[in-house]
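> Mind having a look at this structure? Questions to follow.
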Amino acid sequence: MRVSGEKNNISSPLHTLEVHPYTRLNHVFSLVYSCAILALIYQHILTILRITSLVSFLLHFSLLISDIIFSFMWVTTQCCRLRPVKRKTNPENLPSVVQDKNYPALDVFICTADPYKEPPINVVNTALSVMAYDYPTDKVSVYVSDDGGSVLTLFAFMEAAKFASHWLPFCRGKNIMERCPEAYFGPDHVHTWCSQTEKIKIMYKNMKENVESVVERGCVGDEHITSECDSQAFKNWTAKFTRQEHPTVIQVLLESKKDKDITGHCMPNLVYLSREKSRTSQHHFKAGALNALLRVSATMTNAPLVLTQDCDCYSTDPKTPLKALCYILEPTKASSDLAYVQFPQRYYGINKNDTYGSEVKRLYKIDSAGMDGLLGPYYVGTGCFFQRRAFFGGPSSQLSAEIPELNPNHVIDKSIQSETILKVAHSVASCNYENGTKWGSKMGFRYGSLSEDLNTGFKLQCEGWRSVFCDPDRAAFLGDVPINLNDALSQMRRWAVGQLQVGFSKYSPITYGIKSMGLPMGFCYSHYAFWPIWSIPITIYAFLPALALLNGVYIFPKVSSPWLYMFLFIGAYGQDLQDFILAGSTFKRWYNDQRMWMIRGVSSYLFGLIDFLLKSLGFSAFGFNVTNKVVDDEQSKRYEQGLFEFGVASPLFIPLATATIINLIAFVAGIAQIFKQGHFDKMFIHLGISGFVVANSWPIYEAMMLRVDKGRMPSKIILISILLAWALYIISLLTLGASEM
Ligand SMILES: O=c1ccn([C@@H]2O[C@H](COP(=O)(O)OP(=O)(O)O[C@H]3O[C@H](CO)[C@@H](O)[C@H](O)[C@H]3O)[C@@H](O)[C@H]2O)c(=O)[nH]1
Ligand SMILES: [Mn+2]
447 MRVSGEKNNI SSPLHTLEVH PYTRLNHVFS LVYSCAILAL IYQHILTILR
497 ITSLVSFLLH FSLLISDIIF SFMWVTTQCC RLRPVKRKTN PENLPSVVQD
547 KNYPALDVFI CTADPYKEPP INVVNTALSV MAYDYPTDKV SVYVSDDGGS
597 VLTLFAFMEA AKFASHWLPF CRGKNIMERC PEAYFGPDHV HTWCSQTEKI
647 KIMYKNMKEN VESVVERGCV GDEHITSECD SQAFKNWTAK FTRQEHPTVI
697 QVLLESKKDK DITGHCMPNL VYLSREKSRT SQHHFKAGAL NALLRVSATM
747 TNAPLVLTQD CDCYSTDPKT PLKALCYILE PTKASSDLAY VQFPQRYYGI
797 NKNDTYGSEV KRLYKIDSAG MDGLLGPYYV GTGCFFQRRA FFGGPSSQLS
847 AEIPELNPNH VIDKSIQSET ILKVAHSVAS CNYENGTKWG SKMGFRYGSL
897 SEDLNTGFKL QCEGWRSVFC DPDRAAFLGD VPINLNDALS QMRRWAVGQL
947 QVGFSKYSPI TYGIKSMGLP MGFCYSHYAF WPIWSIPITI YAFLPALALL
997 NGVYIFPKVS SPWLYMFLFI GAYGQDLQDF ILAGSTFKRW YNDQRMWMIR
1047 GVSSYLFGLI DFLLKSLGFS AFGFNVTNKV VDDEQSKRYE QGLFEFGVAS
1097 PLFIPLATAT IINLIAFVAG IAQIFKQGHF DKMFIHLGIS GFVVANSWPI
1147 YEAMMLRVDK GRMPSKIILI SILLAWALYI ISLLTLGASE M
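All residue numbers for the sequence shown refer to this note's numbering, where the first residue is 447 and numbers rise by one.
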């Protein structure tokens, strides 16, 4: 194991790095596996050359295409295996580099978009957890962007501002680790009890009840309005104010220079922002919200460091910004081209075996560590510390903003509530502000993809910026996961569209990316930009072998020569399993993850691909469907038991149910066939594939046939799927059955 204080070779390094011990072994394996892939493609081509009938040609051609796509995805992911690294930070060494009074200021951006899908009390918890950071308080500013334009969210934050003046000194005084009140007072957290704790717990409960009752009523009653200032703010919500059409609202809830907590210590800045909306302009979803935040914060505090947070991702470690500083304040030149320090997305409330593969371990942990050994990991939308400079062109070719107030070196000497500042802040948050500027194309977060995170990180790295993956053992942030299959699949469907928008753009990773960053990084980005094309081979393998088997048509080599297939299958799965286990996962979690990969293949990825094609042909428009973060108790219970939650009649379930029905019938019919007439050797791979699908589909059969609870598969979906399966069988009968193979 090689350990080095990469490029910060002082006696007490701020961070160290070690290369993964299995790297060499992985290289050798990759080489062998590549040869096997070539052999398979060669075999396919030979078969195709010998074919005489059209149907047979189409069959084998689709297998060839499938295997080429599988291979492409495999090859691109190998780049993450070139040099995976693990880093460690030493924040205790920071004082030898810089005193805390000289730490850079930090602007935290929290995005929320819908008070009914993202309960304001949760957003407040996220904000409180970062406001309480162990960081010079006067240097921290928290900006909340509310794309829902909701008075309920603003009200929640007014309450939060009051509660914070008790909560922050409490955290500091007791030096507690868990600074998100909901988590601190939650059932999973043990703390020493005292009267002060009891008092603050009651305060929190009161605030929570207030906020929840207002949200439930849908409006802020007069009894909740305590000051003239609050009352003025609520006046913005006139009768004409709607979510899609309203002026900018900026409300300074706490100002560091003026507001003190109950011990007299200063408070961080806390600003509520709801950018202007109009039906006639484009808002670019979250990327647009983040750019508005970048500009508004520039006019008010202009901190050199920016942290982006999703509203559900609260901080679980108050030292997190110090860990980021370990890279950003590196005394050598290495930090000058460092755009961001990414902490992985991790989650609370995942069930024991992670039924829906919600950890997304490959993306968030394994491959991120892999890219960290090259030029740095993806940006994943939340838990990421940026240098503000990174949003203004490449490290050595900085661009100038259209007004001086927005430039990273602009110094602010006025109160954030002064009229001049508020005036500029309002103007940069207006919906036409970006017209004719570089925002979204060369500056700020980049537009053009629903996955603004992948898109922005990619573009920054193409400009020559580096990034760092910071993955401490204790999670830095914990977020929320969907606990029903429809939400989980819909989320990935949106991702799929966003990824393809990057993959098939003018600046595709496979062309522009490779040119700008070199082959390995270009491939890493290509892997995720083309993720959804996995749907093509997965769907083909889900249907074709089973339909062929039902028709007595055998398209794979005999049992005497399936070794190549076996090696490729076991090799890829084994390698995946090894990565998961080494990343601290369990066999069962890995098993569920591979199952979800197949499920997504015939649902999220497939629908995402179709969405993308329809949009590209001009048939439909993209929307950002915000993931639901409200918990249903009954659903939660079933989730805890590890049951799959279908429940709603979602079209996403149709291809899934159809594939499971066809494979079950094919498998049973195939076994019966063996008893009747032998042919085992010819059927071997067919049976293997169908058997594999059937084994993985147990929870789906259970949801279709055995369960009676609300989470079962809706009868409508079962019926449509049976009809579809039957139709597919008839089509296969007419084509495969009639042709001569
Ligand atoms: O118009 C919008 C839509 C969304 N959001 C916010 O964006 C965040 C992410 O949305 P969510 O529905 O939770 O999406 P997820 O799929 O869970 O998020 C992942 O994927 C997104 C890209 O699709 C990234 O932006 C996120 O950081 C990443 O966690 C949330 O805080 C939303 O409030 C906005 O601010 N404005
Ligand atoms: Mn989310």
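We put the beta carbon where it would ideally sit given N, CA and C, even for glycine.
Model, not experiment: these values are computed from the prediction.
(1) Quick one, are the C-beta atoms of residue 657 and residue 680 less than 8 Å apart?
(2) Spatial neighbours of residue 756 within its chain, please: C-beta separation below 7 Å, excluding the five flanking residues on both sides.
(3) Under a Cβ-count criterion, where at least 16 other Cβ atoms within 10 Å of its own Cβ denotes burial, should residue 639 be classed as buried or exposed?
(4) Could you check which residue in 1171, 1113, 1074 and 1140 has the C-alpha nearest to that of residue 1104?
(5) Locate the beta strand (DSSP E) running through residue 1158, then write down its first and last residues.
(6) Give the straight-line distance between the Cα atoms of residue 1001 and residue 942, rounded to the nearest whole angstrom.
(7) From the DSSP output, in three-state form, read off residue 451 for me.
(8) Let me check understanding here. Comparing Cα to Cα, which of 723, 721, 719 and 917 lies closest to residue 815?
(9) Under 8 Å by Cβ, that's how I've got residue 609 and residue 650 pegged, so tell me the actual separation to the nearest angstrom.
(10) Flag this pair as touching only if the region 1012 to 1021 and the region 900 to 907 have three or more C-beta atom pairs under 8 Å; answer yes or no.
(11) Can you list, in chain order, the residues of its chain whose CB lies under 6 Å from that of residue 451, leaving out five sequence neighbours each side?
(12) Hey, could you find the ends of the beta strand (DSSP E) residue 1148 is sitting in?
(13) For residue 741, report the span of its beta strand (DSSP E) as first-last.
(14) Please confirm whether any heavy atom of ligand 1 lies closer than 7 Å to the CB of residue 586.
(15) Cutting at 6 Å between CB atoms, please list the residues of its own chain near residue 1126, excluding the five before and the five after it.
(16) Can we say the region 873 to 887 touches the region 750 to 764, given the rule of at least three CB pairs closer than 8 Å?
(17) Counting only beta-carbon separations shorter than 8 Å, does residue 820 have a partner in chain B?
(18) Leaving out five residues on either side along the sequence, give the residues of the same chain with a beta carbon under 6 Å from the beta carbon of residue 494.
(19) Express the C-alpha separation of residue 501 and residue 1181 in angstroms, rounding to a whole number.
(20) Among 1110, 1149, 1155 and 1123, which one has its Cα closest to the Cα of residue 1134?
(21) Is the closest heavy atom of ligand 2 to the C-beta of residue 944 under 7 Å?
(22) For residue 788, count the other beta carbons within 10 Å of its own beta carbon; 16 or more makes it buried, fewer makes it exposed. Which is it?
(23) With H, G and I counted as helix, E and B as strand and the rest as coil, what does DSSP make of residue 665?
(24) By how many angstroms is the C-alpha of residue 871 removed from the C-alpha of residue 743?
(25) Using the rule of at least 16 other Cβ atoms within 10 Å of the residue's Cβ for burial, across every protein chain shown, is residue 551 buried or exposed?
(26) What does the shell around ligand 1 hold, if a residue joins when its beta-carbon is under 5 Å from any heavy atom?
(27) May I have the straight-line CA-CA distance separating residue 999 from residue 1107, to the nearest angstrom?
(28) Does any heavy atom of ligand 2 sit closer than 7 Å to the C-beta of residue 803?
(29) Consult DSSP for residue 620 and reduce its assignment to one of helix, strand or coil.
(30) Identify the residues that DSSP records as bridge partners of residue 556: which are they?
(31) Do you know offhand how far residue 922's Cα is from residue 554's?
(32) Going by Cα to Cα distance, which pick from 968, 559, 1122 and 936 is closest to residue 1048?
(33) Starting from the C-beta of residue 1101, find all residues in its chain whose C-beta is less than 6 Å away, skip the five residues before and the five after it, and write them out in chain order.
(34) For residue 925, verify whether its CB is less than 7 Å away from any heavy atom of ligand 2.
(35) Does the Cβ of residue 732 have 16 or more other Cβ atoms within 10 Å, making it buried, or fewer, making it exposed?
(36) In whole angstroms, what is the alpha-carbon distance linking residue 1084 and residue 1077?
So, from the data block:
(1) no
(2) 557, 827, 828 and 925
(3) exposed
(4) 1171
(5) Where residue 1158 is concerned, there is no enclosing beta strand (DSSP E), given that its DSSP letter is neither H nor E.
(6) 31 Å
(7) Confidence in residue 451 is poor, its pLDDT being 46 and thus under 50, which makes the residue's placement too unreliable to answer from.
(8) 917
(9) 7 Å
(10) no
(11) Legend: pLDDT at residue 451 = 46, less than 50; position of this residue unreliable, value from coordinates given subsequently. 459 and 462.
(12) Neither: residue 1148 is in no beta strand (DSSP E) and is coded neither H nor E.
(13) Not the beta strand (DSSP E): residue 741 falls in the alpha helix (DSSP H), residues 731 to 746.
(14) no
(15) 1120
(16) no
(17) Absent here is chain B; the protein component of the structure consists of one chain.
(18) 506
(19) 7 Å
(20) 1110
(21) no
(22) buried
(23) coil
(24) 8 Å
(25) buried
(26) 557, 558, 559, 593, 731, 732, 735, 756, 757, 827, 828, 897, 899, 937, 1070, 1072 and 1073
(27) 19 Å
(28) no
(29) helix
(30) 590 and 755
(31) 15 Å
(32) 936
(33) 1048
(34) yes
(35) buried
(36) 12 Å
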